[in-house]
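Here's the structure, in structure tokens; my notes come after.
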Amino acid sequence: MTGDLELEDDDYNAIVLPSPPAHSTTEVVVVMPLACAGMRLDQALASLLPEQSRSRLAVLIKEGAVLVDGELAAGKSKVAGGEKIAVALRPRDDELAFHPENIVLNIVYEDAAVMVIDKPPGLVVHPAAGNWSGTLLNGLLYRNAALARVPRAGIVHRLDKDTSGLMVVAKTETAQLDLVRQLQARSVKREYVALAQGCVARAGTVDAPIGRHPRSRTRMAVAPDKGKPAVTHYRVLERFARHTLLECRLETGRTHQIRVHLQSIGHPIEGDTIYGARAAGKDAAEVIRHFGRQALHAQRLGFVHPETRKTLNFEAPLPDDMRLLIDAVRAAA
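Residue numbers for the sequence shown follow the working numbering, beginning at 1012 and rising by one.
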């Protein structure tokens, strides 16, 4: 992850919202009432166009999208009343984000109701500030145009940009609602492989609420008083000289949960530039430096099929970059 705030499961699926519709630029023409005389232009427009925020209108004025009697509006100008105002309502970046893009997706399983994807590292799941295109959602819309009618193109949970592994996508609203309920009931099986720094002595559980970091809005932190309940179970798969390979099982799915929880017990994930530390040891430092992401992979996923009610289980092999990293750490040990 490179600073953008990606959400994981529960924080994302608590409320299902419809996807923003696509918009084209439209022009709205109003005559400024005399009652608005003396008001700033953005303030007066906000009173006439209540569906637009004042900050949004101020941006449009700055971008030259507002004309007053045929002339470009000045940023802090005031109105006298009687002016003819033309506002070009341009679509926002987030409104333009929901469009199809030809992005290669590794489909592990697909039927009429669901799709299981093995997400590569570096792929953002959902459009957001700094990533309005090139996301998994854009790729899903290209692959299946009907997903435009499903909220968020059927996405029910997320992985961080630089976390690889399995995700399930719903192809109908009914399937999406069912999967959301399964996630909320904590019945979906989600198991990750993580290469943690330091020697983890034994299996354990981190039961520590997670909330936003008090000083950094792009980070999360253990927050005993204000955080949401978060539980991560972990067990040791293999120990090395300065690292431990862990299997982590999510009971909840808060934003950055595994990364925050492992940091909280003194074993941050190797390569995590947000919650981690410098590379552990010099032996494999070159490989770690070129790895370029947190060593976290969603390896197993299990859920009840929304239509057949059969339990489905999937497993995704480690991607090449993480496999090579583990081999280098093993060799260094």
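Even for Gly, the Cβ is constructed at its ideal location relative to N, Cα and C.
Since residue i contacts residue j with CB under 8 Å, what's their CB separation in whole angstroms?
i, j, result
"Val1340", "Glu1258", "That pair is no contact at about 16 Å."
"Val1247", "Thr1255", "6 Å"
"Met1050", "Lys1089", "6 Å"
"Pro1220", "Tyr1153", "Not really, about 39 Å apart at Cβ, beyond 8 Å."
"Lys1239", "Gly1222", "7 Å"
"Cys1047", "Gly1092", "6 Å"
"Ile1337", "Leu1151", "Ile1337 to Leu1151, Cβ: 30 Å. No contact."
Starting from residue i and walking both ways along the alpha helix (DSSP H), at which residues does that stretch end?
i, result
"Glu1121", "No alpha helix (DSSP H) contains Glu1121, which is instead part of the beta strand (DSSP E) from 1118 to 1121."
"Val1199", "Where Val1199 is concerned, there is no enclosing alpha helix (DSSP H), given that its DSSP letter is neither H nor E."
"Val1271", "1268 to 1275"
Residue i CB to nearest chain B CB: under 8 Å?
i, result
"Val1340", "Judged by its chain identifiers, the structure shown contains no chain B, having just a single protein chain."
I'd like the list of long-range same chain contacts for residue i, defined as Cβ closer than 8 Å, with 5 residues on each side in sequence excluded.
i, result
"Arg988", "The structure shown does not extend to residue 988, since the chain is modelled only from 1012 through 1344, so no value can be given for it."
"Tyr1120", "Met1126, Val1127, Leu1323, Phe1325"
Quick one: what's got a C-beta closer than 7 Å to residue i's C-beta in the same chain, skipping five residues either side?
i, result
"Val1041", "Leu1059, Ile1096"
"Asp1053", "Arg1065, Leu1068, Ala1069, Ile1072"
"Gln1193", "Val1199, Phe1314, Val1315"
Taking residue i as part of the beta strand (DSSP E), name the residues at either end of that continuous run.
i, result
"Ser1175", "1175 to 1181"
"Ile1221", "1221 to 1223"
"Cys1259", "1254 to 1261"
"Asp1218", "1215 to 1218"
"Leu1248", "1242 to 1250"
"Val1233", "1231 to 1233"
Counting only the same chain and skipping the five closest in sequence on each side, list residues whose C-beta sits under 6 Å from that of residue i.
i, result
"Ala1344", "Phe1251, Ala1252"
"Thr1284", "none"
Start-end ranges of the alpha helix (DSSP H) lying completely within the region 1029 to 1104, minimum 4 residues = 1052 to 1059, 1065 to 1073
query = At what residue ranges does the region 1278 to 1339 contain a whole run of the alpha helix (DSSP H), taking only runs of 4 or more?
reply = 1296 to 1302
query = With contact counted as at least three CB pairs below 8 Å, one residue from each stretch, are the region 1317 to 1336 and the region 1224 to 1232 in contact?
reply = no
task = Could you tell me whether the region 1194 to 1210 touches the region 1271 to 1278, using the rule of 3 or more Cβ pairs below 8 Å?
result = yes
key: Three or more C-beta pairs below 8 Å linking the region 1114 to 1129 and the region 1166 to 1186   = yes
ask   = Touching or not, the region 1129 to 1146 and the region 1077 to 1094, by the rule of three or more beta carbon pairs under 8 Å?
value = no
query = What are the start and end residues of each continuous beta strand (DSSP E) run of 3 or more residues lying completely inside the region 1106 to 1160, in chain order?
reply = 1118 to 1121, 1125 to 1130
query = Taking contact to mean at least 3 C-beta pairs separated by less than 8 Å, is the region 1181 to 1195 in contact with the region 1151 to 1166?
reply = yes
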